[in-house]
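Visitor: Below: one structure in structure tokens.
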Amino acid sequence: MNRSARSAALAGAALVALVLAIAASATTARSDRATAPTASAAVTNYLTYVKGKRGKANPRLSKVYIGWVNQQGGQVVIGGLATAGAQLAVRYVNDQLGGVGGHPVALVQCFIKSNEEEGTTCGQKLVNDKRIAVIATGAVATGAQSFHATIRGAKPVVTGVAVTPVDGAQRNAIVLFGDAGHILLPFGTYARNVLKAKTAAVVYPQATGITEAALVIAAGLRQAGISVKAVGYTQGQSDLTAPLTAAGATTADFVAPYGSAADCANQANALKQLGITDSRKIMTAPLCLSPQVSAALGDWPLWTYAIASSNYGDPTDKGMPAYQRVIKRYKAEKNAPDPWHIVAFSELLTTVRFLNEAAANNVSRITPARVLARAKVFRGPLALGSPKLQCGKYKNAPGICNDMFQAFTYQGKFAFKRASGWIGPPGK
Amino acid sequence: MSEILLFLLLGLGTGATIAAIAVGVVITYRGSGFINLAAGAIAMLAGFSFWALRTGELGFTVGTPLAVALSYVFVVLVTVVIELAVYRPLRTAAPLAKLVASLGVLLTAQAAMLLAFGTSQHPQPAIIPIRVIRMLDAAVPLSAFVLSGMVVGMTLLLWALYRWTRFGLATRAASENDVAARLAGLSPNELSLANAILAGLVLGTLGIFAGSVAALDTTTLPFLVVPALAAALFARLTSLTIACACGLAIGMAESLIEYASTKTWFPTSAGAAWPGVKELLVFALIVAAMFLRGASLPTRGELVEQRLPDVPRPKHAGKLAIPSALLCAIALVVLPFDFRQALTNSLIGIVMALSLVVITGFVGQISVVQLALAGVAGFTVSHLAVDAGIGFPLAPLAGIAAAVLLGLVTAVSALRVRGVALAVVTIAAAVAVFNFGFVNSTWGGGATGSPVPDPKLFGINLGPTASFRGLDGNLPSPVFGWVALAAAVLLSLLVISVRRGILGQRMLAVRSNERAAAGAAIDVRNVKLIAFGISALIAGVAGTLYAYNFGSVSADRFSVPLALSLIAFAYAGGITLVSGAVFAGLIAAQGIMPYALDKWFGLSGNWFLLFGGLVLIFTLIQNPEGVAGSFYRTLQARAKRKAELATSESAEAA
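As given, the protein sequences belong to chains A and B, one line each in that order. Numbering-wise (our numbering), the first sequence opens with residue 638 and increments by one. Numbering-wise (our numbering), the second sequence opens with residue 22 and increments by one.
So, in structure tokens, the structure goes:
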């Protein structure tokens, strides 16, 4: 990490945090030194956000195409509703925000079902299509490597939340909401500042990407001066009482079960079996806030979630009403709370913003290089996301634009209680 | 000490699930003489049935007792249908055919549940209360004790049934000598059916009652069959009590490893405890079982000798290979880019399947580790390029060498093992290589992936991004397709020449009867080692081609379910023939046929999984020799009729 940039960010954030601390009466949680503003920086007007023109796009004009890749239709689906979120955003942009320079926007979709080969196929389909200047991706794990290896930097790839560390490592990537390797460091900040934790337990399935992310959580906790025991188990293992006990979860001040959505139900069952039920001290990523998990448990686990985007159930988020108006207009209430829907909606709006900027009132000017250049200098606030973006902050992950999250404690039946403002990695 | 005891107790729940599946595997083997890879899938089906009945997923809800009863009825019906429709028609087929058929059942069951109920895990209503018992200063789930008690109780009941009833005596008689049992008036078919139902009831019990221990989805229970096979092998697929005890012990040992992983002395990689140690333990246990309990599994005295399909001597290889290769080379240029990529995928699939033709088709060694060997080559290419700056051609050569080395290590364990027992050893080896090797951050896939630069020779790019882009001017370049084509043709010719030569004859002699081969002065050990070496070399080539094709190496490409699918489709294609490898390549992942089905008919993902499973079963029943074998037989019959007709006509003319 760039130390001077980080110091400047911390100083700026601390100043605003001071102001925010006075106003933060809605939350019982304490703000961190790295806390940044939320309400003041929220995106409330999508028209100005995308730099569009009010009204419908002109259907007689040529279309502006955006590539769209998601993993769905196979045995493993991570963010199935991401596609619905992206499609809703495109529909909204064409109906209300004037498309891109008056030209209608269209998605060229490619879905990865279950094979690494499909990443190559999707990469070729989208890189070969000369009409496409920018590609957006949903939740892609299988085929992510071959997809990026095929694109080879030829076109910018905009991602909401990156499921694998591969995305953020690409120079042509713009990961708007961050990835596990970066937005998990503030777990330490939360445990130290909010819970005053001294000990922590981390459990995770041993899988590429997940192990590394769990180690980031452990590293963040150690940076915050907390004693950590991290225990990995075989992916797919169902009885997790042994790894939880080995990690000392029954006595730890803070417990972080981490994994993909497929792991959440097992982790929740095991925690419940062991009587670990304090929802404030159990924290995980919002991967567990998926229909897959609520189907498995009847509801999402009553834990605290580190969310790098807005939260549908957060009444204090000033950015949410704009999204809710769109949802109401298009009768999309069923999908609206899904985090992947929210992230993909924001991601597509932001991509349209980059296209509008690159076009500068003339869509023939749109090129992959111009779109990438505009994306890299975008500093936020992000619609339904972080108040500020820092694309390029991490040298080994140039695509990562965010390393902050908000903590929300889930209380059941889609009700959340804010547990912290935007918090960043623990300071030294 | 108390901590060790605690973790032994915490492993009881997992141990009970492994033990129940192991008992199911042993019952099936005793009744039908094959290893049932679908045992965990049957438990999964019972679990889904109970869940659907209890939660109103079928449009109505029933109480727990009725749901339990109906789920048992369902699992018995499913077992009977599978037995009558799949396993009975294959009764006289080769053991590999039955093993592959059980894989077809596994794939079909998974796909059916995915399509019916989606990809989510489901909240299996727990019949066993979710409570903990405070002991040894910790909380131990009650379900672990109850479930393990149930499994032990069932095992003892079954033991008594087999020990003291006429049915048990008849089953043991049939399992020891099929012929003698028939002479004694016993019906092996009826015994097989009855035992299949018993196995179904054991597995059904697990599926219904494991809700508080195991997740209800399409992977958790089905893939617990791997550690269960280790337990079953320790029991020599015969003893129910040993299988049960070993299953419980494996669960407890895995729990102890989790405890050990928190200790400072436990080896780490990139800051995390070594992954895959549990899988390595299972592999070690299986190898130990083979050495301690005898090399071969008990076989049945059969009426018909069960052997692999014929291996006809290839004729006119050049005549076929040259025009086919030319046609393929032209197709790589003129086809649109998506079909060009699909054809390249198929060519790599052909190379991968060729490795199975040598090791399984020619020598009869059922090796599931071939895809893992390909992965070793792929990761070696990536690591050499990224970490040491070594590129083409040294990196692929080193990758292939690494694959051959690991192949030979596998061969050493195979020297005492053969047939389906080897299949079990190599399944465990593949699981261990995947979890211990590929998932490891240091020597497997790194956190940010494992990139592979294009192969370049004297400045000429031979990879998918080479400047020549075919008629449509798009990626991928036909140049890489030609490289894959050259590899497929050359390796096909190599395999054909092996089959035609003295080595091929020795391989077939070993496949037919190892003792007879040794009696004929054939060095069985050397033949096996050479066969493993050649097949590992071919797999290594496939691995390097995969790496260059994707421009990266991903652990997921070399997973065990894919390895099982590979062997299944290689068998369906015709595992003893080079033309069978070609069929297998055509249906490889994103190969020509799957891609065309997806593009033109939208058949992909879970529907393709269901389609694949059903086609696999149908092909095995209709053509136990595989598609290519059947095709070859038809051609031979036609040629014979033609020759006979010509002879009779010339006789008449004379």
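Note that CB positions come from ideal geometry on N, CA and C, so glycine has one too.
1) So B:LEU631 and B:ALA132 are supposed to be a Cβ contact under 8 Å. How far apart are they, rounded?
2) Are the CB atoms of A:VAL892 and A:ALA838 within a distance shorter than 9 Å?
3) Specify, as a first and last residue, the run of the beta strand (DSSP E) that B:ASP238 falls within.
4) At which residues does the alpha helix (DSSP H) containing A:TRP705 begin and terminate?
5) For A:ARG643, which residues from the same chain have a beta carbon less than 6 Å from its beta carbon, with the 5 sequence-adjacent residues on both sides left out?
6) Could you check which residue in A:TRP937, A:SER875 and A:TYR702 has the C-alpha nearest to that of B:ALA231?
7) Indicate whether at least one CB of chain A lies closer than 9 Å to the CB of B:ASP544.
8) Reducing DSSP to helix, strand and coil, say where A:ASP915 ends up.
9) Which value, in whole angstroms, describes the spacing of the CA atoms of B:ALA506 and B:VAL430?
10) Just to confirm the assignment, what range does the alpha helix (DSSP H) spanning A:MET957 have?
11) Using a Cβ-Cβ cutoff of 8 Å, what residues of the stretch 861 to 875 of chain A are near chain B? List them in chain order.
12) Closer than 8 Å is the cut-off here; do at least three beta carbon pairs connect the stretch 782 to 791 of chain A with the stretch 759 to 772 of chain A?
13) Any beta carbon of chain B sitting closer than 9 Å to that of A:LEU744?
14) Determine whether the Cβ of A:ASN972 lies closer than 9 Å to any Cβ atom of chain B.
15) Could you check the C-alpha separation between A:ALA723 and A:LEU881 for me, to the nearest Å?
16) According to DSSP, simplified to helix, strand and coil, what is A:ALA663?
17) Apply the 10 Å Cβ neighbour rule to B:LEU313 and answer buried if 16 or more other Cβ atoms are within range, or exposed otherwise.
18) In the DSSP assignment, what are the bridge partners of A:SER864?
19) A:ASN903 touches chain B at which residues, Cβ-Cβ below 7 Å?
20) Output the distance between the C-alpha atoms of B:MET11 and B:ARG662, rounded to the nearest integer angstrom.
21) Between B:TRP503 and the rest of its own chain, which residues show a CB-CB distance below 7 Å, the 5 nearest in sequence each way excluded?
22) May I ask you to verify whether the stretch 1041 to 1054 of chain A touches the stretch 942 to 952 of chain A, counting CB pairs closer than 8 Å and requiring at least 3?
23) If you check the beta carbons only, do A:PRO741 and A:PHE991 fall under 9 Å apart?
24) Hey, is A:MET638's beta-carbon within less than 9 Å of any beta-carbon in chain B?
25) So that I know if they touch, is there some Cβ in chain B lying closer than 9 Å to that of A:HIS978?
26) Quick check on DSSP: helix, strand or coil for A:PRO894?
27) Is the beta carbon of B:PHE360 sitting closer than 9 Å to the one on B:GLY525?
28) Do the stretch 29 to 36 of chain B and the stretch 1058 to 1065 of chain A make contact, defined as three or more Cβ pairs closer than 8 Å?
29) With a threshold of 9 Å between beta carbons, is B:TYR108 in contact with chain A?
30) Which complete alpha helix (DSSP H) runs does the stretch 345 to 392 of chain B hold, if anything under 4 residues is left out?
31) Given B:SER488, which residues of its chain have a CB within under 8 Å of its CB, disregarding the five upstream and five downstream residues?
32) Quick one: which chain B residues come within Cβ less than 7 Å of A:ASN765?
33) Quick test of your reading: B:SER169 and A:GLY869, contact by CB under 8 Å. State the CB separation rounded to the nearest angstrom.
34) From this set, B:LEU368, B:ALA432 and B:GLY396, which residue's C-alpha is nearest B:GLN386's C-alpha?
35) Return the residues of the stretch 575 to 587 of chain B that lie within a Cβ-Cβ distance of less than 7 Å from chain A, sorted by chain order.
36) CB-CB under 8 Å to B:GLY650, same chain, minus the five flanking residues each way: which ones, in chain order?
Guide: Taking the coordinates as given:
1) In the second sequence, counting from the first residue as 1, residue 631 of chain B sits at position 610. In the second sequence, counting from the first residue as 1, residue 132 of chain B sits at position 111. Rounded, the Cβ-Cβ distance is 4 Å, consistent with contact.
2) In the first sequence, residue 838 of chain A corresponds to position 201, counting from 1. In the first sequence, residue 892 of chain A corresponds to position 255, counting from 1. The answer is yes: Cβ separation under 9 Å.
3) Counting from 1 along the second sequence, the entry for residue 238 of chain B is found at position 217. Premise fails: B:ASP238 is in no beta strand (DSSP E) and is neither H nor E.
4) Here the question's residue 705 of chain A lines up with position 68 in the first sequence. That residue, A:TRP705, is in no alpha helix (DSSP H); its beta strand (DSSP E) goes 701 to 708.
5) As a first step, residue 643 of chain A is located in the first sequence; it is residue number 6 there, counting from the start. Only weak support exists for where A:ARG643 lies, its pLDDT of 37 falling under 50; the value from the coordinates is given anyway. If we look at A:ARG643 and ignore the five residues flanking it on each side, it has no Cβ neighbours.
6) Residue 231 of chain B sits at position 210 when you count from the first residue of the second sequence. Among A:TRP937, A:SER875 and A:TYR702, the Cα nearest to that of B:ALA231 is on A:SER875.
7) Here residue 544 of chain B corresponds to residue number 523 of the second sequence, with the count starting at 1. Cβ-Cβ to chain A under 9 Å: no for B:ASP544.
8) Within the first sequence, residue 915 of chain A is the residue found at index 278, counting from 1. Correct three-state label for A:ASP915: coil.
9) For the purposes of this step, residue 506 of chain B is taken as the residue at position 485 of the second sequence. For the purposes of this step, residue 430 of chain B is taken as the residue at position 409 of the second sequence. Reading off the sequence, residue 506 of chain B comes out as Leu, not Ala. Roughly 29 Å separates the two Cα atoms.
10) Position 320 of the first sequence, counted from the start, is the residue given in the question as residue 957 of chain A. Element bounds for A:MET957: 957 to 966.
11) LYS866, ALA867, VAL868, GLY869, TYR870, THR871, GLY873, GLN874 and SER875
12) yes
13) Taking the first sequence and counting its residues from 1, the one referred to as residue 744 of chain A is at position 107. With 9 Å as the cut-off, A:LEU744 does not count as an interface residue toward chain B.
14) In the first sequence, residue 972 of chain A corresponds to position 335, counting from 1. Chain B contact via Cβ: absent.
15) Residue 723 of chain A sits at position 86 when you count from the first residue of the first sequence. Residue 881 of chain A sits at position 244 when you count from the first residue of the first sequence. Between A:ALA723 and A:LEU881, the C-alpha separation is close to 38 Å.
16) As a working mapping, residue 663 of chain A is identified with position 26 in the first sequence. The predicted model places A:ALA663 with a pLDDT of 32, which falls under 50 and marks its position as unreliable, so this point remains unresolved.
17) As a working note, residue 313 of chain B is residue 292 in the second sequence. Exposed.
18) Reading the first sequence from its first residue, position 227 is the one you call residue 864 of chain A. Its beta-bridge partners are A:THR836.
19) Residue 903 of chain A sits at position 266 when you count from the first residue of the first sequence. The answer, in chain order, is ALA236.
20) Within the shown structure, residues of chain B are numbered from 22 to 675, placing residue 11 of chain B beyond reach of any answer.
21) Working through the second sequence from its first residue, we reach residue 503 of chain B at position 482. Here the set comprises ALA350 and LEU353.
22) yes
23) Counting from one through the first sequence, the residue named residue 741 of chain A turns up at place 104. Counting from one through the first sequence, the residue named residue 991 of chain A turns up at place 354. Against a cut-off of 9 Å, the Cβ pair of A:PHE991 and A:PRO741 comes out as no contact.
24) Locating residue 638 of chain A in the first sequence gives position 1, counting from the first residue. Confidence at A:MET638 is low in this model, with a pLDDT of 37, below 50, so its placement is unreliable and no value can be given for it.
25) Within the first sequence, the letter at position 341 stands for residue 978 of chain A. Judged by the 9 Å Cβ criterion, A:HIS978 is not in contact with chain B.
26) Position 257 of the first sequence, counted from the start, is the residue given in the question as residue 894 of chain A. Residue state, collapsed to three classes: strand.
27) Translated into the one-based positions of the second sequence, residue 360 of chain B becomes position 339. Translated into the one-based positions of the second sequence, residue 525 of chain B becomes position 504. The answer is no: Cβ separation not under 9 Å.
28) no
29) Here residue 108 of chain B refers to the residue found at position 87 of the second sequence. By this cut-off, B:TYR108 is not an interface position.
30) 358 to 377
31) What you label residue 488 of chain B is simply residue 467 of the second sequence in a count that begins at 1. Only ASN482 and SER498 meet the Cβ criterion.
32) Numbered from its first residue, the first sequence carries residue 765 of chain A at position 128. Result: PHE358, ASN495 and LEU496.
33) Sequence index remark: in the second sequence, residue 169 of chain B carries index 148 (1-based). Sequence index remark: in the first sequence, residue 869 of chain A carries index 232 (1-based). So it is not a contact: roughly 24 Å between Cβ atoms.
34) Mapped onto the second sequence, residue 386 of chain B falls at position 365. Nearest C-alpha to B:GLN386: B:ALA432.
35) SER575, ALA576, ASP577 and ARG578
36) As a working note, residue 650 of chain B is residue 629 in the second sequence. Closer than 8 Å at Cβ, skipping near neighbours: PRO330, ASP331, GLY595, THR597, LEU598, GLY601 and ASN644.
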